[in-house]
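Just below is one structure, and these are the notes that go with it.
Listed below in structure tokens is the structure:
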């Protein structure tokens, strides 16, 4: 009778550890599953050396997962940097093409240069202010 109660209690504890492992996100969940697995192996009287080998192999797997995640992050970062450089090169090329069409001046510089000429010519006064942007 005592053995049956002990077996039921151990079974309930292993179920409880698995349930709590499923509720926790990420690393906590993986760690809780590993702990639950080690507890089950100890309760089943598995050789302690085998449990240690399993722990070491799981540790290697976790380190490999972290390394792969780091490599993936670096690849994504480098890809985004490369895409940004390509985008800025295209924008620069478009601006240069537009500048060539406007007489080798940047469009904004050309606009403000014209406004400056008009201002010095006396075309603007308080009744006719210059238009700059969204007003």
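In the working numbering, the protein residues as written are 1032 to 1166.
Quick reminder that beta carbons are idealized off the backbone N, C-alpha and C, glycines included.
- The DSSP-derived three-state label of residue 1066 is helix.
- Segment contact: the segment 1068-1083 against the segment 1101-1110, fewer than three CB-CB distances shorter than 8 Å; contact not assigned.
- A Cβ-Cβ distance of about 14 Å is found for the pair residue 1041 and residue 1069, leaving them out of contact under the 8 Å criterion.
- When the beta-carbon positions are compared, residue 1093 and residue 1061 come within less than 9 Å of each other.
- The alpha carbon of residue 1089 has as its nearest neighbour, out of 1039, 1127, 1064 and 1131, the alpha carbon of 1064.
- For residue 1123, same chain residues with a beta-carbon under 7 Å away, outside a window of 5 residues either side, do not exist.
- DSSP, read as helix, strand or coil, puts residue 1078 in coil.
- Taking the CA atoms as reference points, residue 1104 sits about 15 Å from residue 1114.
- Distance between residue 1131 and residue 1118, taken at the CA atoms: about 20 Å.
- Residue 1095 sits away from residue 1085, with the two beta carbons spaced by 9 Å or more.
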